[in-house]
Amino acid sequence: MSRREHALEVERAEALDEAELADLCEATDAAIIEGGGFGWIEPQGREALTRHFRGVLLVPAISLFVARLDGVPVGSAQLIRPPRNNEAQAFSAHLTHAYIAPYARGHGLARLLVRRVEEHAAALGHRVLNLDVRETQATAIALFEGLGYIRWGTHPAYARVRGQTVAGHYYHKLLEAPRGRPLDIRSERDRGE
């Protein structure tokens, strides 16, 4: 018996209709309940999550990416660009709130979601993508490390989850420059120039 092929899509969302919002809210609460990746510890419900996603869509410095399985929203991620007055860090951006609902995992959507965020960040001129994740999120850690993210630090008191202090890991990845080479972030002195 062959496994059914699923349609996998990831797109940058500029608007979401009511049905899409409902599906995305359901996926978000499922990920929160499972303990994966959104920052909330308790499910928020459709009303609160609808307000959240509508707000995200209004912020020019945030790009919302929606992952779909067979056309249905089942996860998302956000790319946050630095504010205009932070010219010194304009070359970098932050990947946050990346998750796939537990019932939609195992199809490669998480990997596709992160890749699409990376492609968009690179197209905007960012050469470094940063992210952070709780140490308890082993699946997310394996995904990011498998995609070439480098752990550069650990914060021992990163989060509080159900009365427990949890460490968090910080990662970065150099994105491909337009000529196909990763950005060399060493100083001119370190490069011997």
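Each residue of the sequence shown is one higher than the one before, starting from 239 at the first, in the numbering used here. Think of the CB as a built atom: it goes at the ideal place given N, C-alpha and C, for glycine as much as any other residue. Computed from a predicted structure; not experimentally measured.
Taking just the CA atoms, how far does residue j sit from residue i?
| i | j | result |
| --- | --- | --- |
| residue 392 | residue 352 | 21 Å |
| residue 321 | residue 299 | 7 Å |
| residue 432 | residue 379 | A question about residue 432 goes unanswered here, because the residues of the chain that appear run from 239 up to 431. |
| residue 360 | residue 244 | 28 Å |
| residue 354 | residue 302 | 11 Å |
| residue 335 | residue 277 | 7 Å |
| residue 377 | residue 323 | 35 Å |
| residue 325 | residue 242 | 48 Å |
Out of the options, which one is the CA nearest neighbour of residue i?
| i | options | result |
| --- | --- | --- |
| residue 327 | 408, 284, 365 and 397 | 365 |
| residue 251 | 296, 271 and 284 | 296 |
| residue 279 | 246, 374 and 410 | 374 |
| residue 350 | 290, 293 and 307 | 307 |
| residue 388 | 408, 404 and 363 | 408 |
| residue 294 | 324, 386, 330 and 259 | 259 |
| residue 367 | 377, 385 and 376 | 385 |
| residue 346 | 269, 268 and 305 | 305 |
| residue 264 | 390, 406 and 287 | 287 |
| residue 247 | 309, 267 and 290 | 309 |
Where does residue i land, buried or exposed, given buried means 16+ other C-beta within 10 angstroms?
| i | result |
| --- | --- |
| residue 311 | buried |
| residue 274 | buried |
| residue 356 | buried |
| residue 254 | buried |
| residue 425 | For residue 425, the predicted model reports a pLDDT of 43, less than 50, meaning its position is unreliable; a value from the coordinates is still stated below. Residue 425 is exposed by the Cβ-count criterion. |
| residue 341 | exposed |
| residue 257 | exposed |
| residue 428 | Note that residue 428 scores 47 on pLDDT, short of 50, meaning its location in the model is unreliable; the coordinates nonetheless yield the value given after this. When all chains shown are included, residue 428 counts as exposed. |
| residue 313 | buried |
| residue 315 | buried |
| residue 262 | buried |
Based on DSSP bridge pairs, tell me the residues matched to residue i.
| i | result |
| --- | --- |
| residue 355 | DSSP output for residue 355 lists no bridge partner at all. |
| residue 402 | 399 |
| residue 256 | Its beta-bridge partners do not exist; DSSP assigns none. |
| residue 313 | 305 and 338 |
| residue 243 | Answer by DSSP bridge pairing: none, since residue 243 is not bridged. |
| residue 360 | Residue 360 pairs with nothing; no bridge assigned. |
So, under 8 Å CB-CB, residue i and residue j are touching, yes? Tell me the CB distance rounded to an integer number of Å.
| i | j | result |
| --- | --- | --- |
| residue 317 | residue 358 | 6 Å |
| residue 372 | residue 397 | 6 Å |
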